[in-house]
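Worksheet: one structure, shown below.
The following block contains the structure:
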């Protein structure tokens, strides 16, 4: 998938909602700026609960909501809870009332397009949308860190793990957690943060607390070291992207908190950082005299 | 349905063809001119046969075709033959190759939008798209004629018949033909120009010849006067509009030709005019001293 296909797929989602569809395509085409990323039908966390916004510009923190006259159903099935969910604190939401006339709707869209252009200009740290780079581990390795505000998702666990010094092959397969190869007592974890087979996991609305409950007694004793208070986890939550693909979204670094250790089947983790350091992988590190992966795997 | 809904429905048709869809919405929004009518997925008659064009601007006689890399299937099932079909003689067809990159496609669309704007400027008799008026009989009654090049379709047979002096109520029901209330030996005819229950009808590619074959012996002797050589028919073909509604499209005035009279179950009609005179209906004619409808019905 390239940038063109990504954009086309984003613009084609509202197939049965013809007015929403008109507004979304109009905003995109009149904005006419391929440096600005768009996401449609993005689930968001808001003070009053979760909701779907119709269009989202992640670099600008601006959402568009189309009001179709009747209230949208905001059913939160388990399926929806798997969907990629972002927190909108501080985001702006612009609304379009599509019960108005063609002329009025066009005029509202003109205003929104102008607002988006101004927002881009005002953002001193605006980075043009680089579709290839944003899912490439090398982007973050060369940057030296992954930060929550950069809205980072990888297509595979391998891509995420390789940001921290691992050099897994693309077809590597493992469970949902791997040791951090460069930092002691730290893991890279890929949880499903919703109820799933054998687990009842959840993340708080502000995303600062993760609660993991094991429902399958046979799995309770796995990885006992992961339950030690103070053990740190770099978390990439398994989510459905807005296009339906599975993605691993960076959520920050979390630490196992002590008061939950007593319960055999439960862990509580608290977010301690929204930015984590990245490392060259082995292939690069050979020339840079970084300890080889084998050393780390023996730990 | 208003203009907004018509446009939205037109733009929502290519739901599974995401690249076609991107180009169509981009052309429409960047053209940004609600005086220009658009129709998507319009069947057209071309020298080499019938085909579907992806976007059509009837006022400008310009079609857009999206090339998706593989050849489109041009299956002409009976269902497709019911669809509204226009003749593109003298029309221009502009093509967009969506196998190109985002930047190239955007640049091609910019060129097309410029061409459309120039085409509108160059057209000295350009009439702004008036959605309400174009399906209203009063528009044509006050104009004094219906012309093939105005691309006229009515939602009901009643609307079409009332352009010629009839004053049927909206819920009037009759067979597919009515006498012309103001001109002798002339009928207003609403044929299905494709094979249908009891009939095997067709229209030539240039739309100048209509052939009607009755497959049901019990219907052969109906309306014998309609078979008299020289009998004239103002034809509104029953078609599916691009949105799937049944419409009655003006095709011109046709005359029964003599050489087909001998065959009991067959009629051949030749187009003799692409423009027909319209008449006030009774309500208006009372004040204009036009003969009342009763006089005509007695004929």
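Chains as they are written, first to last, in full-length UniProt numbering: chain V, 1 to 299; chain C, 1 to 299.
Quick reminder that beta carbons are idealized off the backbone N, C-alpha and C, glycines included.
With a threshold of 9 Å between beta-carbons, can residue 22 of chain V be considered close to chain C, or not? In the first chain, counting from the first residue as 1, residue 22 of chain V sits at position 22. Residue 22 of chain V counts as touching chain C.
Spatial neighbours of residue 9 of chain V within its chain, please: CB distance less than 8 Å, with the 5 preceding and 5 following residues excluded, ordered by chain position. Residue numbering aside, residue 9 of chain V sits at position 9 when the first chain is read from its first letter. Same-chain partners within the cutoff: 1 and 243.
Spatial neighbours of residue 209 of chain V within its chain, please: CB distance less than 8 Å, with the 5 preceding and 5 following residues excluded, ordered by chain position. Counting from one through the first chain, the residue named residue 209 of chain V turns up at place 209. So the list reads 203, 268, 269, 270 and 271, once near-sequence residues are dropped.
Can you tell me where the alpha helix (DSSP H) with residue 6 of chain V in it begins and where it stops? Along the first chain, one-based indexing puts residue 6 of chain V at 6. Taken as a continuous stretch (DSSP letters only), the alpha helix (DSSP H) holding residue 6 of chain V covers 3 to 11.
Helix, strand or coil at residue 19 of chain C according to DSSP, with G and I counted as helix: Taking the second chain and counting its residues from 1, one reaches residue 19 of chain C at position 19. Helix.
What's the gap between the Cα of residue 123 of chain V and the Cα of residue 29 of chain V? Counting from 1 along the first chain, the entry for residue 123 of chain V is found at position 123. Counting from 1 along the first chain, the entry for residue 29 of chain V is found at position 29. Computed Cα separation, rounded: 21 Å.
Of the choices C/186, C/45 and C/197, whose alpha-carbon is the least far from that of residue 165 of chain C? Working through the second chain from its first residue, we reach residue 165 of chain C at position 165. Nearest option by C-alpha distance: C/186.
Just the Cα atoms here: how many angstroms apart are residue 44 of chain V and residue 236 of chain V? Taking the first chain and counting its residues from 1, the one referred to as residue 44 of chain V is at position 44. Taking the first chain and counting its residues from 1, the one referred to as residue 236 of chain V is at position 236. When rounded, the distance between both Cα atoms is 17 Å.
Below 9 Å between beta carbons: does that hold for residue 100 of chain V and residue 108 of chain V? Position 100 of the first chain, counted from the start, is the residue given in the question as residue 100 of chain V. Position 108 of the first chain, counted from the start, is the residue given in the question as residue 108 of chain V. Result yes, Cβ atoms of residue 100 of chain V and residue 108 of chain V sit closer than 9 Å.
Limits of the alpha helix (DSSP H) - the one that residue 83 of chain C falls within: Within the second chain, residue 83 of chain C is the residue found at index 83, counting from 1. No alpha helix (DSSP H) contains residue 83 of chain C, which DSSP labels as neither H nor E.
Measure from the C-beta of residue 134 of chain V to each C-beta in chain C and report whether the shortest distance is under 9 Å. Residue mapping note: residue 134 of chain V aligns to position 134 of the first chain, counting from 1. No - not a single Cβ of chain C is within 9 Å of the one on residue 134 of chain V.
Which first and last residues belong to the alpha helix (DSSP H) in which residue 121 of chain C is found? Position 121 of the second chain, counting from 1, holds the residue named residue 121 of chain C. Taken as a continuous stretch (DSSP letters only), the alpha helix (DSSP H) holding residue 121 of chain C covers 102 to 122.
Which partner residues does residue 233 of chain V have in the DSSP bridge list? Your numbering for residue 233 of chain V matches position 233 in the first chain. The partner list for residue 233 of chain V (beta bridge, DSSP) reads V/187 and V/254.
Local conformation of residue 63 of chain V per DSSP, three classes: Here residue 63 of chain V refers to the residue found at position 63 of the first chain. Reduced to three states, the DSSP call for residue 63 of chain V is strand.
C-beta contact flag for residue 57 of chain C and residue 85 of chain C at 9 Å: In the second chain, counting from the first residue as 1, residue 57 of chain C sits at position 57. In the second chain, counting from the first residue as 1, residue 85 of chain C sits at position 85. No, the pair does not count as a contact, with Cβ atoms beyond the cut-off.
Excluding five sequence neighbours on each side, which residues of the same chain lie with their C-beta closer than 7 Å to the C-beta of residue 6 of chain C? Residue mapping note: residue 6 of chain C aligns to position 6 of the second chain, counting from 1. Counting only Cβ-Cβ distances below 7 Å, and skipping sequence neighbours, we find 131.
I need the boundaries of the alpha helix (DSSP H) containing residue 143 of chain C, first residue and last residue. By 1-based counting over the second chain, the position of residue 143 of chain C is 143. First-last of the alpha helix (DSSP H) with residue 143 of chain C: 137 to 143.
Three-state class that DSSP yields for residue 241 of chain C in the structure shown: Position 241 of the second chain, counting from 1, holds the residue named residue 241 of chain C. Coil.
Does the beta-carbon distance from residue 114 of chain V to residue 91 of chain V come in below 9 Å? Stepping through the first chain from its first residue, residue 114 of chain V is reached at position 114. Stepping through the first chain from its first residue, residue 91 of chain V is reached at position 91. Not a contact, by the Cβ cut-off of 9 Å.
For residue 193 of chain C, which three-state DSSP category applies? In the second chain, residue 193 of chain C corresponds to position 193, counting from 1. Coil.
Bridge partners for residue 37 of chain V per DSSP, in chain order? The sequence position of residue 37 of chain V within the first chain is 37, counting from 1. Answer by DSSP bridge pairing: none, since residue 37 of chain V is not bridged.
CB contact below 9 Å: residue 19 of chain V versus chain C: Numbered from its first residue, the first chain carries residue 19 of chain V at position 19. By this cut-off, residue 19 of chain V is an interface position.
Give me the Cα-Cα distance between residue 24 of chain V and residue 181 of chain C, rounded to the nearest whole angstrom. Within the first chain, numbered from 1, the residue matching residue 24 of chain V stands at position 24. Within the second chain, numbered from 1, the residue matching residue 181 of chain C stands at position 181. If you take the alpha carbons of residue 24 of chain V and residue 181 of chain C, they lie about 50 Å apart.
Let me confirm a value: residue 298 of chain V is counted as buried when at least 16 other C-beta atoms fall within 10 Å, else exposed. Which label applies? The residue given as residue 298 of chain V occupies position 298 in the first chain. Residue confidence for residue 298 of chain V is low, a pLDDT of 34 falling below 50, so the modelled location carries little weight and cannot support an answer.
Quick check: is the beta carbon of residue 105 of chain V nearer than 9 Å to any beta carbon in chain C? In the first chain, the residue the question calls residue 105 of chain V occupies position 105. Output row for residue 105 of chain V: interface = yes.
With 16 other CB atoms within 10 Å as the buried threshold, where does residue 159 of chain V fall? Here residue 159 of chain V refers to the residue found at position 159 when the first chain is read from its first residue. Residue 159 of chain V should be labelled buried.
Segment limits, alpha helix (DSSP H) that includes residue 158 of chain V: Here the question's residue 158 of chain V lines up with position 158 in the first chain. Element bounds for residue 158 of chain V: 157 to 161.
DSSP bridge partner residues for residue 217 of chain C (one or two, in chain order): By 1-based counting over the second chain, the position of residue 217 of chain C is 217. Looking at the DSSP assignment, residue 217 of chain C forms no beta bridge with any residue, so it has no partner.
Determine, for residue 101 of chain C, whether the minimum Cβ-Cβ distance to residues of chain V falls below 9 Å. For the purposes of this step, residue 101 of chain C is identified with residue 101 of the second chain, where counting begins at 1. Yes, contact with chain V.
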